[in-house]
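Residue numbers (the working numbering): 3 to 384.
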Amino acid sequence: MAFSIPRTLFEPEHEQFRDALRRFVVTEVLPHRERHEKQGFIDRDIWLKGGAAGFLCPTMPEEFGGAGADRRYSVVVFEETARLGAVSLLGWSLHSDIVAPYLLRYGSEELKRAYLPRMATGELIGAIAMTEPGAGSDLQGIRATAVRDGDHYVLNGAKTFITNGWHCDLVVVAAKTDASRGASGTSLFVVDTTMPGFTKGRRLEKVGLKAQDTGELFFDGVRVPAGHRLGEEGRGFAYLMQELPWERLQIALTAVALAEAALDGTLDYCRDRKAFGKSILEFQNTRFTLAEAKTELQVARVFVDRCVELVLAGTLDAATASMAKYWCTDLQCKVIDACLQLHGGNGYMWEYPIARAWADARASRIYGGSNEIMKELISRSL
Ligand SMILES: Cc1cc2nc3c(=O)[nH]c(=O)nc-3n(C[C@H](O)[C@H](O)[C@H](O)COP(=O)(O)OP(=O)(O)OC[C@H]3O[C@@H](n4cnc5c(N)ncnc54)[C@H](O)[C@@H]3O)c2cc1C
Numbered sequence: 003m004a005f006s007i008p009r010t011l012f013e014p015e016h017e018q019f020r021d022a023l024r025r026f027v028v029t030e031v032l033p034h035r036e037r038h039e040k041q042g043f044i045d046r047d048i049w050l051k052g053g054a055a056g057f058l059c060p061t062m063p064e065e066f067g068g069a070g071a072d073r074r075y076s077v078v079v080f081e082e083t084a085r086l087g088a089v090s091l092l093g094w095s096l097h098s099d100i101v102a103p104y105l106l107r108y109g110s111e112e113l114k115r116a117y118l119p120r121m122a123t124g125e126l127i128g129a130i131a132m133t134e135p136g137a138g139s140d141l142q143g144i145r146a147t148a149v150r151d152g153d154h155y156v157l158n159g160a161k162t163f164i165t166n167g168w169h170c171d172l173v174v175v176a177a178k179t180d181a182s183r184g185a186s187g188t189s190l191f192v193v194d195t196t197m198p199g200f201t202k203g204r205r206l207e208k209v210g211l212k213a214q215d216t217g218e219l220f221f222d223g224v225r226v227p228a229g230h231r232l233g234e235e236g237r238g239f240a241y242l243m244q245e246l247p248w249e250r251l252q253i254a255l256t257a258v259a260l261a262e263a264a265l266d267g268t269l270d271y272c273r274d275r276k277a278f279g280k281s282i283l284e285f286q287n288t289r290f291t292l293a294e295a296k297t298e299l300q301v302a303r304v305f306v307d308r309c310v311e312l313v314l315a316g317t318l319d320a321a322t323a324s325m326a327k328y329w330c331t332d333l334q335c336k337v338i339d340a341c342l343q344l345h346g347g348n349g350y351m352w353e354y355p356i357a358r359a360w361a362d363a364r365a366s367r368i369y370g371g372s373n374e375i376m377k378e379l380i381s382r383s384l
């Protein structure tokens, strides 16, 4: 979809990266989509091929296996995988732009050297485990505990809804190091899935995002070396809060790109589909629906691009990122629902991209902090 306000974010090198990524997704990922959806995860070799081509951890410093690139390269990955409908690669973004940065920022030198280069090649897959069966929005209420025992912490607890939970080799886990305290009793640990006492549970069957593995994790007396703690004990919650603006903007950027793709596909569909002897694009209702969607997506595009500029300047605040996350994911669902309606019965059939987009979109208002929690955070800035 051509928008009237030109984007000013990218340089020619970002566009070259975009072209290479598009070719990769079209040849290596999309041909396997149905099989991936049926099996519930993408093939492991897609991670390795993506790593070899430089699409994983692009912003990591070169000494840790990345390209030391700026975050606009990550934006290209979110946008282009979304535009092509390769939502099965959402786990890439979580791995590269959420998990790896925690290690880079708060991990010891030893931890960084042990994990980051192999995360960049795709040999190791990362996940982050905060949510528990009894605590999602209320993260201060998590029950997982990590009790110090000499040079180790003994980790017990259960986590659920974990993206990459089935494929993962390492997990950043939030656990209470002082159960008597709320936020200041929480710490973060890098837990290796080879550590005894760590087990993976079911791969969860979801409404959408069928090829994106989402699972349960269990920790039963896992002895985690103290050197695997990220940063200081008791500072885990503060670290999570610091990273959230960028993480939430990632969801907003993906949401806008997915909605733009849905609008493009719907425009083509409406041109071709005939009713009452004419293209359904000729009905005023169709044109007005698409005009409204285009307008709102243009507004969203300008807003999120400006937020990216603030991220690059290091000044995106939590309330603005929460606005982007809640407003863009609400818009994504609204636009995609309207687009599905314009497809009639075909829109409800899984073989049509709009049906998948509709089912995939619903989770975005829930994960990364629900949209109600976003409004709660914004209201604190009033
Ligand atoms: C596809 C998918 C992938 C996910 N990936 C991960 C992952 O990789 N790692 C991870 O840790 N988690 C992950 N999650 C979990 C996700 O972050 C949580 O589901 C989310 O934070 C909501 O928590 P909850 O499910 O416990 O809902 P609850 O907290 O039980 O909320 C239920 C309802 O109550 C509302 N609510 C709760 N508190 C308030 C309040 N104070 N004010 C107003 N309304 C409120 C919520 O908005 C929601 O509508 C994922 C979830 C999904 C669906």
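For every residue, glycine included, the Cβ atom is placed at its ideal position computed from N, Cα and C.
Please read all numbers here as calculations on a predicted model, not as lab measurements.
*Contact test: F391 Cβ vs ligand 1 heavy atom, cutoff 7 Å*: Any question about residue 391 goes unanswered here, given that the chain covers just 3 to 384.
_Restricting to Cα atoms, I'd like to know which of L126, L190, F290 and I100 is closest to I144._
Checking every option, the nearest Cα to that of I144 belongs to L190.
_Is the separation between the beta-carbon of R364 and that of V258 shorter than 8 Å?_
With contacts defined as CB atoms closer than 8 Å, R364 and V258 fail to qualify as a contacting pair.
*With which residues is D319 paired in a DSSP beta bridge?*
None, per the DSSP bridge assignment.
*Between the CA atoms of M376 and R382 - distance to the nearest angstrom*: Between R382 and M376, the alpha-carbon positions lie close to 10 Å from each other.
*Starting from T268 and walking both ways along the alpha helix (DSSP H), at which residues does that stretch end?*
Where T268 is concerned, the enclosing alpha helix (DSSP H) stretches over G238 to D274.
*Start and end of the alpha helix (DSSP H) containing S76?*
Segment R73 to R85, the alpha helix (DSSP H) holding S76.
*Per DSSP, what kind of secondary structure is K212 in: helix, strand or coil?*
K212 falls in the coil class under three-state DSSP.
*Using a threshold of 8 Å, state whether the C-beta atoms of L318 and L292 are closer than that.*
Contact: no.
*Mind checking whether T216 and I164 have CB atoms under 8 Å apart?*
In contact: T216 and I164 (Cβ atoms closer than 8 Å).
*Thinking C-alpha only, which one of Q334, K161 and D180 is nearest G136?*
The option with the nearest alpha carbon to G136 is K161.
*Report the option in L232, K40, E36 and R20 whose CA atom is closest to the CA atom of A55.*
Here the closest residue by C-alpha is R20.
*Starting from F19, follow the alpha helix (DSSP H) in both directions and report where the run begins and ends.*
Start and end: P14 to F26.
*Any chance you could list the alpha helix (DSSP H) runs of at least 4 consecutive residues sitting entirely within the stretch 289-359, in chain order?*
Whole alpha helix (DSSP H) segments, 4+ residues: 320-344.
*Give a yes or no on contact between the stretch 233-245 and the stretch 65-78, applying the rule of three or more CB pairs nearer than 8 Å.*
Touching, no.
*Does the beta-carbon distance from I100 to E249 come in below 8 Å?*
Yes; because the gap between Cβ atoms is below 8 Å, this pair is in contact.
*By DSSP, does S98 sit in helix, in strand, or in coil?*
S98 sits in a helix when the DSSP states are folded into three classes.
*asked:* With a threshold of 7 Å (Cβ to nearest heavy atom), would S372 be considered close to ligand 1?
replied: Checking the Cβ of S372 against ligand 1 gives yes.
_For L206, the three-state DSSP class (helix, strand or coil)_ = Residue state, collapsed to three classes: coil.
_Classification of P33 by the beta-carbon crowding that lies within 10 angstroms, buried from 16 upward_ = By the neighbour-count rule (16 or more Cβ atoms within 10 Å), P33 is not buried but exposed.
*Name the one or two DSSP bridge partners that A176 has.*
Looking at the DSSP assignment, A176 forms a beta bridge with L190.
*For G217, is the beta carbon positioned less than 7 Å from some heavy atom of ligand 1?*
Shortest gap from the CB of G217 to any heavy atom of ligand 1: 7 Å or more.
_Nearest neighbour of D332, chosen from S372, G187, Q244 and G347 [CA to CA]_ = Here the closest residue by C-alpha is S372.
*From Y300 to D222, what distance separates their C-alpha atoms?*
The question names Tyr, but residue 300 is Gln in the sequence shown. Roughly 49 Å between the two C-alpha positions.
_Sequence-distant residues of its chain with Cβ nearer than 7 Å to S366 (five each side left out)_ = Apart from the 5 residues on each side of it in sequence, S366 sits with its Cβ closer than 7 Å to the Cβ of I253, A257, T331 and Q334 in its chain, given in chain order.
*What are the residues that DSSP puts in a beta bridge with L157?*
DSSP output for L157 lists A148 and V224 as bridge partner(s).
_Under 7 Å: does the beta carbon of H245 sit that close to some heavy atom of ligand 1?_
According to the sequence as given, residue 245 is Glu; it is not His. No, ligand 1 has no heavy atom inside 7 Å of this Cβ.
*Where does the unbroken alpha helix (DSSP H) through I375 begin, and where does it stop?*
Per DSSP, I375 belongs to the alpha helix (DSSP H) from N373 to S381.
*Quick one: give me the first and last residue of the beta strand (DSSP E) that A131 is part of.*
Unbroken beta strand (DSSP E) run through A131: G128 to A131.
_Opposing strand residues paired with G199 [DSSP bridges]_ = Looking at the DSSP assignment, G199 forms no beta bridge with any residue, so it has no partner.
*Return the CA-CA distance between F290 and S6, expressed in angstroms with no decimal places.*
Taking the straight line from one Cα to the other gives about 17 Å.
*CB contact flag (I127, H97, <8 Å)*: Yes, Cβ-Cβ distance for I127 and H97 is below 8 Å.
*Tell me whether Y117 is buried or exposed, calling it buried when 16 or more other Cβ atoms sit within 10 Å of its Cβ.*
Y117 is buried by the Cβ-count criterion.
*Compute the distance between the beta-carbons of R73 and F12, then report whether it is under 8 Å.*
No. Outside cutoff.
_Quick check: the Cα distance between E81 and L255, rounded to an integer number of angstroms?_
Each residue's alpha carbon lies about 7 Å from the other.
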